[in-house]
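Those protein sequence lines, which keep their order, are chains E and R. If you're matching positions, the first sequence starts at 1 in my numbering and goes up one per residue. If you're matching positions, the second sequence starts at 1001 in my numbering and goes up one per residue. Every residue, glycine too, gets a C-beta built ideally from N, C-alpha and C. The next block holds one structure in the form of structure tokens; read it before the comments.
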Amino acid sequence: MSMRSEEVEAKLKDAVEKTTPDVFEKILERCDGHQGVVYAVPQNMAEQARPRKRKRRIAHVAASLAAALVLALGGVFAYNTLSNNSVDMLVMLDVNPSIEIKLNKNARVIEANARNQEGIQILDNMDLKGTHIDVAVNALVGSMLKYGYIKESTNSILLSVEGMDTDKTATLQKNLMDSIGLQITSANGAVISQNLTADAALQKLADDHNVSYGKAALVQKIIDQNSHLAFADLAKLSINELNLLFASKHIEAAGVEQQGSASDANYIGEEKALQKVLAHAGIEQTNIQYLTMELDFEDGLIVYDIEFTYNFVEYEYEVNAVDGNIIGSSQEKADSTTAQDGTGSQSAQASERFISEAKAIEIVEAHSGIRTYEHLTIELDKDDGTYIYEVEFHVGDKEYDYEVDAVTGAVISAEIGD
Amino acid sequence: MQLPALASEAQIKPEVFYETCIRNIANGDKNALGVLYENTKTAVYGFALSIVRNSQDAEDVLQDTFVSIYTAAHSYKSLGKPMAWILTIARNSALMKLRRKKHIADISDIEWNAIADDPAHVSSEERLVLATALRAITPEEGQIVMLHAVAGFKHREIAELLSLSLSTVLSKYNRALKKLKKVLEVNNVHAQ
Chain E
1 MSMRSEEVEA KLKDAVEKTT PDVFEKILER CDGHQGVVYA VPQNMAEQAR PRKRKRRIAH
61 VAASLAAALV LALGGVFAYN TLSNNSVDML VMLDVNPSIE IKLNKNARVI EANARNQEGI
121 QILDNMDLKG THIDVAVNAL VGSMLKYGYI KESTNSILLS VEGMDTDKTA TLQKNLMDSI
181 GLQITSANGA VISQNLTADA ALQKLADDHN VSYGKAALVQ KIIDQNSHLA FADLAKLSIN
241 ELNLLFASKH IEAAGVEQQG SASDANYIGE EKALQKVLAH AGIEQTNIQY LTMELDFEDG
301 LIVYDIEFTY NFVEYEYEVN AVDGNIIGSS QEKADSTTAQ DGTGSQSAQA SERFISEAKA
361 IEIVEAHSGI RTYEHLTIEL DKDDGTYIYE VEFHVGDKEY DYEVDAVTGA VISAEIGD
Chain R
1001 MQLPALASEA QIKPEVFYET CIRNIANGDK NALGVLYENT KTAVYGFALS IVRNSQDAED
1061 VLQDTFVSIY TAAHSYKSLG KPMAWILTIA RNSALMKLRR KKHIADISDI EWNAIADDPA
1121 HVSSEERLVL ATALRAITPE EGQIVMLHAV AGFKHREIAE LLSLSLSTVL SKYNRALKKL
1181 KKVLEVNNVH AQ
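Shown next, in the form of structure tokens:
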């Protein structure tokens, strides 16, 4: 018989309890000497957001300062590093503006090129030659903020670092990710970053679809784990949409990190989508089980994929994430234990013979003679190969536990406890 | 006031008990810190583990959290949610740890196995359960499951603590449990 949710939880709790180390002695030592770093503690839950706000303002000022610095000093740096011209790493920024920056081995800019019209606007007249990549990226992101490319509805930046030395690219990726993350907090921005090596096949794919190498690499990572999606379709999506899909589909790919949440302001939101679905199905939210919601991509549209079980029927819906129209739905007869014990079609067949929950409750009411009670719960379970309804309810301090045969409706056991 | 060792012996609600502990800690009472530690260490450690995802860092976070509680207890304002306060500190400490190490998702297999093989602790089966479980689910799912299963938080309270909607928490929780069931069954660590 398969594990129940409570068993999984109990197993986990037990494991944590048994593996929790005893470090109280060390804590006491540190409390005495006040050793080590003590982290900022929120005064109360409501005040947590406050220090963050202050940081945002500082980040904003820092961004404009860095941009000014680049404009003023770009030429001087260029003079100092003119001799160092071989490309060691590439840094790519994609929002909608797409910019590619070539770096020498000291992480200083050899040249920065716009890959699209918006990129030209962002590069403006900045002379980034010779500046350290930190400063250059700071200036470029500052410019993207200024021109409104990172805003509430599309808040994602894709950062890609390409090079031969993967340790070096990974380090640069993390450093840049941190500083970009800080810089765009004022816009509630999000970063998705990756480190890459050169790949001729991927480069060709990028060129064929007229997207940057970084964006192509991200699309490919989504497709690798969702083979039903097509490169051409995903290549048309914005970075923000790709970032959303990446997060929602829980894609885990080596070298990819995400920070902040991609904006779903253009979409109706999971809550609303769920309400649409429930209204369509004519079901109350409190009655559904095993709810899962996921953003997905279907026939060129971003959709909410919503699944749940109600009264032994599995419902699956696809809702257009932009306008909330239901574009697909299916229902499959199954029972609530299918999800639990995975016996699949066998229990699905069995469920057709089951009496309804309402009928089981009627039987319990008739048996106990009680029709006024509190906290009634009913759950289908499999016990020694027999499907039973477990019915529990309270009358005052007393708890009633019933087991009813789910097929015959016979009362198998009735217990009263405190 | 001398505190009983366990919340269950105090015959008062755990929230009230923990708040009493925190008030006493604010007056420099290390005994109260010990009592609070004994009662909440599992929740703090489990939650920390779900964020930092390796036992050494989780152990550090466990320490950091209680040192912070000791030094910050005077600033605690009674809102009837001491566990949320404690776990917020744990979360901040864990995130700080991650930011310092600057790695979030790239836990190598070596580190995962280190959870399972750590000689400092006895039971290898439990370590295996944890390593397997945490590897199978996302960090966010891990936090939700730990908060529910180990810290005893209600889904609504988890939503509040993690700033997520209730249905998101329910959805992620169900998805995580499905995955956990699958891996635990495959790895044959069925509850007896």
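Q: For chain R, find out if any of its Cβ atoms is closer than 8 Å to the Cβ of E:A272; answer yes or no.
A: Within the first sequence, the letter at position 272 stands for residue 272 of chain E. Note that residue 272 of chain E corresponds to Lys in the displayed sequence, not to Ala. No, its Cβ sits nowhere closer than 8 Å to a Cβ of chain R.
Q: State the DSSP-derived secondary structure class of R:E1126, mapped to helix, strand or coil.
A: The residue you call residue 1126 of chain R lines up with position 126 of the second sequence. Three-state DSSP puts R:E1126 in a helix.
Q) Would you say E:F24 faces chain R, with C-beta separation under 8 Å as the test? A) Reading the first sequence from its first residue, position 24 is the one you call residue 24 of chain E. Yes - at least one Cβ of chain R is within 8 Å of the one on E:F24.
Q: May I have a chain-ordered list of the alpha helix (DSSP H) segments no shorter than 4 residues that lie completely inside the segment 73-144 of chain E?
A: 117-123
Q. Between R:A1026 and R:Y1018, what straight-line distance do the alpha-carbon atoms span, to the nearest angstrom?
A. Position 26 of the second sequence holds residue 1026 of chain R. Position 18 of the second sequence holds residue 1018 of chain R. Distance between the alpha carbons of R:A1026 and R:Y1018: 12 Å.
Q | Range covered by the beta strand (DSSP E) that runs through E:G181 | A | Here residue 181 of chain E refers to the residue found at position 181 when the first sequence is read from its first residue. Segment 166-183 is the alpha helix (DSSP H) holding E:G181; no beta strand (DSSP E) there.
Q.
I need the straight-line Cα distance from E:L234 to E:L159, nearest angstrom please.
A. By 1-based counting over the first sequence, the position of residue 234 of chain E is 234. By 1-based counting over the first sequence, the position of residue 159 of chain E is 159. Between E:L234 and E:L159, the C-alpha separation is close to 18 Å.
Q) R:F1066 versus chain E: which residues are under 7 Å apart at the beta carbon? A) Indexing the second sequence from 1 puts residue 1066 of chain R at position 66. Going along chain E in sequence order, the residues near R:F1066 (Cβ under 7 Å) are I27.
(Q) Just to make sure I have the definition right: I need the residues of chain E whose C-beta is within less than 7 Å of the C-beta of R:T1168. Which are they? (A) Locating residue 1168 of chain R in the second sequence gives position 168, where the first residue counts as 1. The contacting residues are E270.
Q. What number of angstroms, rounded off, separates the C-alpha of R:A1073 from the C-alpha of R:C1021?
A. Mapped onto the second sequence, residue 1073 of chain R falls at position 73. Mapped onto the second sequence, residue 1021 of chain R falls at position 21. Their backbone Cα atoms lie some 9 Å apart in a straight line.
Q: Mark E:Q331 as exposed unless 16 or more other C-beta atoms lie within 10 angstroms of its C-beta, in which case mark it buried.
A: Position 331 of the first sequence, counted from the first residue, corresponds to residue 331 of chain E. So E:Q331 counts as exposed.
**Q.** Contact with chain E by R:Q1143, beta-carbon distance below 8 Å
**A.** For the purposes of this step, residue 1143 of chain R is taken as residue 143 along the second sequence, with counting starting at 1. Judged by the 8 Å Cβ criterion, R:Q1143 is not in contact with chain E.
Q) Between R:L1162 and the ligand MG, is the CB less than 7 Å from at least one heavy atom? A) Because no ligand of any kind appears in the structure shown, any question about the ligand MG cannot be addressed here.
Q: With a 10 Å radius around its C-beta and 16 neighbouring C-beta atoms as the bar for buried, classify E:G385 as buried or exposed.
A: Along the first sequence, read from residue 1 onward, the residue named residue 385 of chain E stands at position 385. Exposed, by the Cβ-count rule.
Q) Which stretch, first to last residue, makes up the alpha helix (DSSP H) that contains E:G417? A) Taking the first residue of the first sequence as position 1, residue 417 of chain E is located at position 417. Segment 411-417 is the beta strand (DSSP E) holding E:G417; no alpha helix (DSSP H) there.
Q) Does R:N1054 have its Cβ less than 8 Å from a Cβ in chain E? A) On the second sequence, position 54 is the one that residue 1054 of chain R refers to. By this cut-off, R:N1054 is not an interface position.
Q: Give every residue of the same chain whose Cβ lies closer than 6 Å to the Cβ of R:K1181, excluding the five residues on either side of it in the sequence, and list them in chain order.
A: Locating residue 1181 of chain R in the second sequence gives position 181, where the first residue counts as 1. Result list for R:K1181: empty, nothing under 6 Å.
Q) Rounded to a whole number of angstroms, what is the C-alpha to C-alpha distance between R:L1177 and R:F1153? A) Mapped onto the second sequence, residue 1177 of chain R falls at position 177. Mapped onto the second sequence, residue 1153 of chain R falls at position 153. Rounded to whole angstroms, R:L1177 to R:F1153 spans 16 Å at the Cα level.
Q. For E:M89, which residues in chain R fall below 9 Å Cβ to Cβ?
A. For the purposes of this step, residue 89 of chain E is taken as the residue at position 89 of the first sequence. Those within 9 Å of E:M89 in chain R number zero; the least Cβ separation is about 18 Å.
(Q) Which residue wins for smallest C-alpha separation from R:E1015, given the options R:S1078, R:I1069, R:F1047, R:G1034? (A) In the second sequence, counting from the first residue as 1, residue 1015 of chain R sits at position 15. Looking at the Cα atoms, R:S1078 is the closest of the given residues.
(Q) Among R:R1091, R:I1089, R:Q1143, whose alpha-carbon lies nearest the alpha-carbon of E:L12? (A) For this step, residue 12 of chain E is matched to residue 12 along the first sequence. Comparing Cα positions, the closest option is R:Q1143.
Q. When you compare each of E:T169, E:Y315, E:V191, E:L229 to E:D88 by their alpha carbons, which one comes out closest?
A. To locate residue 88 of chain E, count along the first sequence from 1; it is residue 88. Taking only the C-alpha atoms, the option nearest E:D88 is E:T169.
Q. Taking the Cβ atom as the reference point for each residue, do E:A254 and E:Y304 lie within a distance shorter than 8 Å?
A. Stepping through the first sequence from its first residue, residue 254 of chain E is reached at position 254. Stepping through the first sequence from its first residue, residue 304 of chain E is reached at position 304. No, the pair does not count as a contact, with Cβ atoms beyond the cut-off.
**Q.** Cβ pair count under 8 Å reaching 3, the segment 86-104 of chain E against the segment 148-163 of chain E
**A.** yes
Q. Hey, would you say E:S98 sits closer than 8 Å to E:S212, going by beta carbons?
A. Locating residue 98 of chain E in the first sequence gives position 98, where the first residue counts as 1. Locating residue 212 of chain E in the first sequence gives position 212, where the first residue counts as 1. Yes, Cβ-Cβ distance for E:S98 and E:S212 is below 8 Å.
Q: With 8 Å as the threshold, decide whether the Cβ of E:S5 is near any Cβ in chain R.
A: The sequence position of residue 5 of chain E within the first sequence is 5, counting from 1. At least one chain R Cβ lies under 8 Å of E:S5.
Q. For a contact meaning CB atoms closer than 9 Å, what does R:V1150 contact in chain E?
A. Numbered from its first residue, the second sequence carries residue 1150 of chain R at position 150. Near R:V1150 (Cβ distances below 9 Å), the residues of chain E are E9, L12, K13, V16, E17.
Q) So, do the segment 1037-1056 of chain R and the segment 1089-1099 of chain R have three or more beta carbon pairs nearer to each other than 8 Å? A) yes
Q.
Is there a C-beta anywhere in chain E that falls below 8 Å from the one on R:E1126?
A. The sequence position of residue 1126 of chain R within the second sequence is 126, counting from 1. Yes, R:E1126 lies at the interface with chain E (some Cβ there is under 8 Å from its Cβ).
Q | Length of the line joining the Cα atoms of E:G142 and E:G269 | A | One-based indexing of the first sequence puts residue 142 of chain E at position 142. One-based indexing of the first sequence puts residue 269 of chain E at position 269. So the two alpha carbons sit approximately 29 Å from each other.
Q: Measuring only between beta-carbons, confirm whether R:R1091 sits less than 8 Å from chain E.
A: What you label residue 1091 of chain R is simply residue 91 of the second sequence in a count that begins at 1. Not one chain E Cβ lies under 8 Å of R:R1091.
(Q) According to DSSP, simplified to helix, strand and coil, what is E:I251? (A) Here residue 251 of chain E refers to the residue found at position 251 when the first sequence is read from its first residue. In this structure, E:I251 counts as coil in the three-state DSSP scheme.
Q | Spatial neighbours of R:T1042 in its chain, beta-carbon cut-off 7 Å, leaving aside the 5 residues before and after | A | As a first step, residue 1042 of chain R must be located in the second sequence, where it is residue number 42. Cβ neighbours of R:T1042 beyond the five flanking positions: V1150.
(Q) Using a 10 Å radius around the Cβ and a threshold of 16 neighbouring Cβ atoms, would you call E:A152 buried or exposed? (A) Taking the first sequence and counting its residues from 1, one reaches residue 152 of chain E at position 152. Residue identity check: residue 152 of chain E is Glu in the sequence provided, not Ala. Per the 10 Å Cβ criterion, exposed.
Q | Proximity test, Cβ basis, 8 Å: R:V1129 and chain E | A | Looking up residue 1129 of chain R in the second sequence gives position 129. Yes - at least one Cβ of chain E is within 8 Å of the one on R:V1129.
**Q.** 3-residue-minimum beta strand (DSSP E) runs that sit fully inside the segment 374-403 of chain E, ordered along the chain
**A.** 374-383, 386-395
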